[in-house]
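Residue numbers (this note's numbering), protein chains in the order written: chain A, 1290 to 1545; chain B, 1290 to 1545.
Don't be surprised by glycine CBs; every beta carbon is placed ideally from N, CA and C.
Down below is the structure, laid out as structure tokens.
Protein chains: 2
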Amino acid sequence: APTRAPGPAAEASPGPWTQPVAVLADTATSTDGPGSTGFAPPQSLTDLVRDMRPAAMAPAPVPTGRSMLPLGQFRDTFIIAVDDEGIAIIDQHVAHERVLFEQVMERLTAGPLESQRLLTPLVLELSPAERQALGQHQVALTRLGFEVEEFGGDSVCVAAVPALVPIAASEVTIRALALDLDGFEEGGPVDQALRQVAATTACHAAVKAHDRLTPEKMVYILDELRRTAHSSVCPHGRPVVLRLSRREIERRFERI
Amino acid sequence: APTRAPGPAAEASPGPWTQPVAVLADTATSTDGPGSTGFAPPQSLTDLVRDMRPAAMAPAPVPTGRSMLPLGQFRDTFIIAVDDEGIAIIDQHVAHERVLFEQVMERLTAGPLESQRLLTPLVLELSPAERQALGQHQVALTRLGFEVEEFGGDSVCVAAVPALVPIAASEVTIRALALDLDGFEEGGPVDQALRQVAATTACHAAVKAHDRLTPEKMVYILDELRRTAHSSVCPHGRPVVLRLSRREIERRFERI
Ligand SMILES: [Zn+2]
Ligand SMILES: [Zn+2]
């Protein structure tokens, strides 16, 4: 479409860039005051830029059969991906945590999780309540692949952790488990403790915010996210994906 | 942060995913009806996804000194880029058109634009009004690097076009110029005609929607967009950049 260059008259009067009312005419959901929608003075990049402040959430369309293609990361914390229907921003930690949780719950139906022995057992000092919490949920911990025993005094000894937990994350995972299991009653359903152990383990085995990811890792996380979503066990937690639809993008750029 | 696995009770009652009111508590701008904010039933990817429908526009923060890093394209039409302060979506045609327009206006202050001769002059049939429009604005056309002459009958002959216009785009550019200049008065300011010729030329020399871009081309467009923004001559036209701020992203993912 040809661009009409503004004449001197058009330059003197405020153009569409300074008339947000016209721009927002079809945006019924805007309730910003007049002060907050005004555009900044011309002659800077600010004029080129329109801020997207997503103010409303709505059910996203059911995604197509194809996976999203990851383009890269924002602040090494969010994966930015596209498919035909829009742009998606994915919280990499929450997404991977969810994927691992679903995988663990799925595998547990076939038997205990794969375990890895520590070359040097880990001896940790814990509070009495924390030691008790671990002791009371031995069944769940063993099924996940943990080997934790009382070591005398304030200590426990960790001889093995699930294969999916990075060795370096063993201590922080055990401490988190002790905290998260504290408060579960001894006689409570094993299933509930099992889910908690799986959730805590998934959290500590997952990539973290500020981790640089390879393209392959991003593809893996997005593919698994799609795959495990259909057998969703845990619909709770923080948002995993934000989507900006193709239609919204095209509308914003006045292409439709 | 450890994920609390939901207990059986939590599973039976609606969790936060089905309580948009709680999620939107701090979103004063939401005016969606209760029906439109409900989440879809669990057990599908829809649960993981929150739709971003940007409902309000606001002045974007003045960008930092650094350029945006392009990650890739969406539908070969929009460049997706990041900097420390957020994610940006750039309409590649509008951005490049703007860059070329600013470059042309800048170079014209030093003299006529660089021209390229066509190996075979282009003979085009035009309407009388179109031929007249081109004839009346010879000064502007020549300064931009066009050589267009009456060829007898309904035809004009194009011997040269600006170097920045792809040869293959010569005909469509001349036809667009004839249309866009039609209606400008003969005695009008040369400056205004010059701006129109520059705008039309920039539009036809720019990359188009659905053009696959190399990473280098994306970097070039974004860098030039930043550079020329400060000498902005033409603040009109369609939006060039949509930004989603880091703060908004982190708020959406409940990270702040
Ligand atoms: Zn976590
Ligand atoms: Zn254009």
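Do residue i and residue j have their C-beta atoms within less than 8 Å of each other?
i	j	result
Pro1359(A)	Leu1511(A)	yes
Pro1410(A)	Phe1542(B)	no
Leu1470(A)	Ala1482(A)	yes
Ala1494(A)	Leu1453(A)	yes
Val1445(A)	Ser1459(A)	no
Ala1498(B)	Val1393(B)	no
Arg1420(A)	Pro1401(A)	no
Phe1367(B)	Ile1379(B)	yes
Gln1381(A)	Val1461(A)	no
Val1437(A)	Ile1463(A)	yes
Ile1276(B)	Ile1369(B)	With chain B covering only 1290 through 1545, there is no way to say anything about residue 1276(B).
Ser1404(A)	Ala1449(A)	yes
Glu1386(B)	Ala1491(B)	yes
Arg1540(B)	Ser1356(B)	no
Could you tell me which residues DSSP pairs with residue i in its beta bridges?
i	result
Leu1358(B)	Val1371(B)
Phe1473(B)	BP columns for Phe1473(B) are empty, so no partner.
Ile1379(A)	Ile1368(A), Val1530(A)
Phe1363(B)	Phe1367(B)
Closest to residue i by CA distance: which of the options is it?
i	options	result
Arg1364(A)	Arg1432(B), Ile1369(B), Ile1456(B), Glu1374(B)	Glu1374(B)
Val1371(B)	Arg1540(B), Arg1535(B), Ile1545(B)	Arg1535(B)
Ala1384(A)	Lys1506(A), Arg1544(A), Pro1417(A)	Lys1506(A)
Leu1423(A)	Gln1485(A), Thr1517(A), Glu1395(A)	Gln1485(A)
Gly1472(A)	Gln1425(A), Leu1408(A), Glu1403(A)	Gln1425(A)
Gly1361(B)	Val1508(B), Ile1538(B), Ser1404(B), Ala1457(B)	Val1508(B)
Gly1441(A)	Ser1416(A), Glu1386(A), Arg1516(A), Ile1369(A)	Ser1416(A)
Val1479(B)	Leu1407(B), Leu1397(B), Asp1500(B)	Leu1397(B)
Thr1517(A)	Val1388(A), Gln1405(A), Glu1537(A), Met1357(A)	Val1388(A)
Leu1413(A)	Glu1439(A), Gln1405(A), Ala1399(A)	Glu1439(A)
Leu1430(A)	Thr1503(A), Thr1489(A), Glu1513(A), Pro1455(A)	Thr1489(A)
Glu1474(A)	Ala1418(A), Leu1502(A), Leu1533(A), Arg1540(A)	Ala1418(A)
Arg1451(B)	Arg1406(B), Leu1533(B), Gly1477(B), Ala1399(B)	Looking at the sequence shown, residue 1451(B) is not Arg but Pro. Here the closest residue by C-alpha is Arg1406(B).
List the residues of chain C that residue i touches, going by C-beta distances under 8 Å, in chain order.
i	result
Asp1380(B)	The question asks about chain C, but that chain is absent: this structure's protein chains are A and B.
What are the complete beta strand (DSSP E) segments, minimum 3 residues, inside the segment 1417-1471 of chain B? Within the segment 1417-1471 of chain B, the complete beta strand (DSSP E) runs of at least 3 residues are 1436-1441, 1444-1451.
Beta strand (DSSP E) runs wholly inside the segment 1391-1418 of chain B, at least 3 long, in chain order: Correct list: 1404-1414.
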